[in-house]
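Notes follow once the structure below has been shown.
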Amino acid sequence: MGAEPQYDVVVIGAGFGGLYAVHRFGEQGLDVLGLEQADDVGGVWYWNRYPGARCDCESYYYSYAFDDGLQQDWNWSLRYSEQPEILSYLKHVADRFDLRRRYRFGARVAAAHFDESLGGWRLRTTDGFETTTRSLVTAMGCLSQVNWPDIPGLRDFQGRLFHTAQWPHDPVDFRGRRVGVIGTGASAVQAIPRIAEQAEHLTVFQRTANWVLPAWNRPTDPDFDAWVKANYAEIRARCLASGGAVPFDPPEQSALEVSDAAREAAYQAFWDQGGMRFFSAFTDLFSDERANRTAQDFVRAHILRTVRDPATAQRLIPNDHPIGVKRPPLDDDYYETFNRPNVTLVDVRSAPIREVAGHVLRTADAAYDLDDLVVATGFDAITGALLAIDVRGRGGVRLADRWAEGPKSYLGLGIAGFPNLFTVTGPLSPSVLANMPTAVEQHVDWIADCLEHMRTRGVATVEATETAEAAWVAESDAAVAHTLYPKADGSWYFGANIPGKPRRFGVYVGGFAAYRERCLEVAQRGYEGFRLGAGPNG
Ligand code: N01
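Residue 59 in my numbering sits at position 72 of the sequence shown; the count goes up by one each step and never skips.
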């Protein structure tokens, strides 16, 4: 008999997904190791410490459901929690379930090679640590591989240079400073109002305007909190039964079948509630351009009413994509911020950024002298973290080659040719279009059951078949083709924000509840679409 792998399962990542995976697999008696590149737990909430960093899902459902004691004991201070509180929560989870003892921190995985004779994976980290494992579970987040734009001279900027996703741990003081922010995505929209409150002057370099919705963040209402705690079982069940893993009532009417007055009233009611609930107003906002245009009209009117300078208001109105099909940011006075005398909006679509030299950011038609530059240009999303590792499957095939034309996966969980590799919220799963903690729990539970199936049946390898994978890719592509998402061809959902990255919509849009049912059916049918390989004694 050949050598046995050192671990039953290695989990990469210590964010929401990784922590739950390490806990769950440990509870079922597996020998589990966690590897995390940071020096502590938190995942995206460890790295994204920029001012205003906050969750755009409400905390009572953007939280773990797996332990009732945890959800009863933990109290959220705000409707949408800020980064420090979410990080405290994840640290509390690590303490409460004693998870750090299973982790190696400061361990960035450099290589993961499937070894056929071992029937498992050989791993190496950048600090030279090596180990082997029967199964490998990646829980590295969909938005964790930082995107630095290719702007000549940027990295040599002579002032203070920040990226929102690699923010310093100590607070940054912008008082008396001339600050520039590149980007107007969700990170920038959260940071801009906070930086504007401090900076002597803030210049926002915008390439593409975004549709921004109000969060109406506020302290947690104690009565609501008590209601939530008394009704958690039902709230979580509603999440599992919904398209976005959120406890919202699904819409029932088309935006086109109601009167103008009724439509306006509905949008206003959802606007006043705040957040992504806005998209629960009507059934066809993601499928019918005319319906979507009515929502755009509503938000456009808000921008024109709010922003006093007409030229700035026009620049803040998106003109290249329907509302919702790029991830809409939630704001805290974002539009109002452009009424401040110390804030300037610069359009770098018409006059692109050419270079950074010394303290100066130069566009095609002007130069801006800055003390601080905040880069809010997002991530190499969905596949970036996985492809940053030298992953090789059967026959030494590189994952980067396998995905040369875009990600391919069966259910976003398994990849043909890469046995015993499971990807938590992987490409072509509902991932970022579902409430993340619910999505990761569903994936980890499914993987845990699969690992149990392997152990009890003497199964050595589980591997998606090429046929099942191809069918799932086709189904995922077809699902998105019926929506308005392809109308935003610059979105990171397609990988379009990274020069040279192959285009494929990386998220399954068929809805979380239907997807979950599908995963359960696959398991019930003996892991249909996966090839189960017998072990040396099987
Ligand atoms: O990144 P983004 P993000 N010159 O890619 C611009 C999640 N998130 O970090 O649109 C000039 O959305 C780029 O312009 P354009 C959330 O899912 C969650 O803001 O490519 N500009 C865009 O404006 C979100 O969607 C929370 O034309 C350049 C911006 O940079 C995702 O993370 C909070 C440029 C990048 O926007 C990513 O958000 C924050 C260049 N060379 C984020 N290159 C929560 O609430 C890029 N841009 C949990």
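Cβ atoms here follow ideal geometry from the backbone N, Cα and C, with glycine treated the same way. Model, not experiment: these values are computed from the prediction.
Helix, strand or coil at residue 198 according to DSSP, with G and I counted as helix: Looking up residue 198 in the sequence shown gives position 211. DSSP, reduced to helix, strand and coil, places residue 198 outside both helices and strands of the structure shown, so it counts as coil.
message: Rounding to the nearest angstrom, what Cα-Cα distance links residue 353 and residue 146 in this structure?
response: For this step, residue 353 is matched to residue 366 along the sequence shown. For this step, residue 146 is matched to residue 159 along the sequence shown. Distance between the alpha carbons of residue 353 and residue 146: 19 Å.
query: By a C-beta neighbour count over all protein chains shown, 10 Å radius and 16 as the cutoff for buried, is residue 4 buried or exposed?
result: Taking the first residue of the sequence shown as position 1, residue 4 is located at position 17. Residue 4 is buried by the Cβ-count criterion.
message: Tell me whether the region 412 to 426 and the region 382 to 400 touch, counting them as touching only if at least three CB pairs, one residue from each stretch, are closer than 8 Å.
response: yes
task: Within its chain, find whatever has a CB closer than 6 Å to the CB of residue 170; leave out the 5 residues flanking it on each side and keep chain order.
output: As a working mapping, residue 170 is identified with position 183 in the sequence shown. Closer than 6 Å at Cβ, skipping near neighbours: 363 and 364.
Supposed close pair residue 400, residue 433 - CB separation, criterion 8 Å: To locate residue 400, count along the sequence shown from 1; it is residue 413. To locate residue 433, count along the sequence shown from 1; it is residue 446. Right, their Cβ atoms sit about 7 Å apart.
query: Hey, quick one: how far does the alpha helix (DSSP H) through residue 502 stretch, first residue to last?
result: Walking along the sequence shown from the start, residue 502 turns up at place 515. 499 to 511 is the extent of the alpha helix (DSSP H) around residue 502.
field: Assumed close pair residue 166, residue 152 - CB separation to whole angstroms, cut-off 8 Å
entry: Numbered from its first residue, the sequence shown carries residue 166 at position 179. Numbered from its first residue, the sequence shown carries residue 152 at position 165. Rounded, the Cβ-Cβ distance is 17 Å, inconsistent with contact.
query: Secondary structure at residue 71, three-state DSSP: helix, strand or coil?
result: Residue mapping note: residue 71 aligns to position 84 of the sequence shown, counting from 1. Of the three classes helix, strand and coil, the one that applies to residue 71 here is helix, per DSSP.
query: What do you get for residue 156, buried or exposed, if any count of 16 or more other CB atoms within 10 angstroms of its CB means buried?
result: Here residue 156 refers to the residue found at position 169 when the sequence shown is read from its first residue. With fewer than 16 other Cβ atoms within 10 Å, it is exposed.
message: Quick test of your reading: residue 77 and residue 204, contact by CB under 8 Å. State the CB separation rounded to the nearest angstrom.
response: Within the sequence shown, residue 77 is the residue found at index 90, counting from 1. Within the sequence shown, residue 204 is the residue found at index 217, counting from 1. No, residue 77 and residue 204 are not in contact; Cβ-Cβ is about 20 Å, not under 8 Å.
field: Anticipated Cβ contact below 8 Å, residue -10 with residue 29, distance rounded
entry: As a first step, residue -10 is located in the sequence shown; it is residue number 3 there, counting from the start. As a first step, residue 29 is located in the sequence shown; it is residue number 42 there, counting from the start. The pair is not a contact, with the Cβ atoms about 35 Å apart (cut-off 8 Å).
- prompt: How many angstroms separate the CA atom of residue 475 from the CA atom of residue 44?
  reply: Locating residue 475 in the sequence shown gives position 488, counting from the first residue. Locating residue 44 in the sequence shown gives position 57, counting from the first residue. Residue 475 and residue 44: Cα-Cα distance of roughly 23 Å.
- prompt: Curious, which full-length alpha helix (DSSP H) runs of at least 4 residues does the region 67 to 116 contain?
  reply: 70 to 83
message: So that I know if they touch, is there some Cβ in chain C lying closer than 8 Å to that of residue 447?
response: No chain C appears in this structure, which consists of one protein chain only.
field: Whole-Å CB distance - residue 92 paired with residue 26, under 8 Å assumed
entry: What you label residue 92 is simply residue 105 of the sequence shown in a count that begins at 1. What you label residue 26 is simply residue 39 of the sequence shown in a count that begins at 1. Indeed they touch by this definition, with Cβ atoms about 5 Å apart.
query: What are the boundary residues of the beta strand (DSSP E) that residue 451 is part of?
result: Taking the first residue of the sequence shown as 1, we reach residue 451 at position 464. Its beta strand (DSSP E) spans residues 446 to 451.
query: Is there at least one non-hydrogen atom of ligand 1 closer than 7 Å to the beta-carbon of residue 238?
result: Taking the sequence shown and counting its residues from 1, one reaches residue 238 at position 251. Checking every heavy atom of ligand 1 against the Cβ of residue 238, none is found closer than 7 Å.
- prompt: Near residue 380, which residues of its chain fall below 8 Å by C-beta distance, leaving aside the five closest residues on each side in sequence?
  reply: Position 393 of the sequence shown, counted from the start, is the residue given in the question as residue 380. Answer for residue 380: 101, 386, 389, 402, 404, 405, 406 and 408, listed in chain order.
query: Secondary structure at residue 43, three-state DSSP: helix, strand or coil?
result: To locate residue 43, count along the sequence shown from 1; it is residue 56. Residue 43: coil per DSSP, three-state reduction.
- prompt: residue 223 by DSSP, collapsed to three states: which one?
  reply: Here residue 223 corresponds to residue number 236 of the sequence shown, with the count starting at 1. Looking at residue 223 - three-state DSSP - the assignment turns out to be helix.
message: Can you give me the C-alpha to C-alpha distance between residue 144 and residue 345, rounded to a whole angstrom?
response: As a working mapping, residue 144 is identified with position 157 in the sequence shown. As a working mapping, residue 345 is identified with position 358 in the sequence shown. Between residue 144 and residue 345, the C-alpha separation is close to 5 Å.
- prompt: Quick one: any contact between the region 265 to 285 and the region 303 to 311, if contact means 3 or more CB pairs under 8 Å?
  reply: yes
query: Residues in its own chain within less than 7 Å of residue 206 by CB, not counting five upstream and five downstream?
result: Numbered from 1 along the sequence shown, position 219 holds the residue referred to as residue 206. Result list for residue 206: 64 and 65, in chain order.
field: Same chain, Cβ closer than 8 Å to residue 525, neighbours up to 5 away in sequence not counted
entry: As a working mapping, residue 525 is identified with position 538 in the sequence shown. Here residue 525 scores only 43 on pLDDT, less than 50, and its place in the model is too uncertain to base an answer on.
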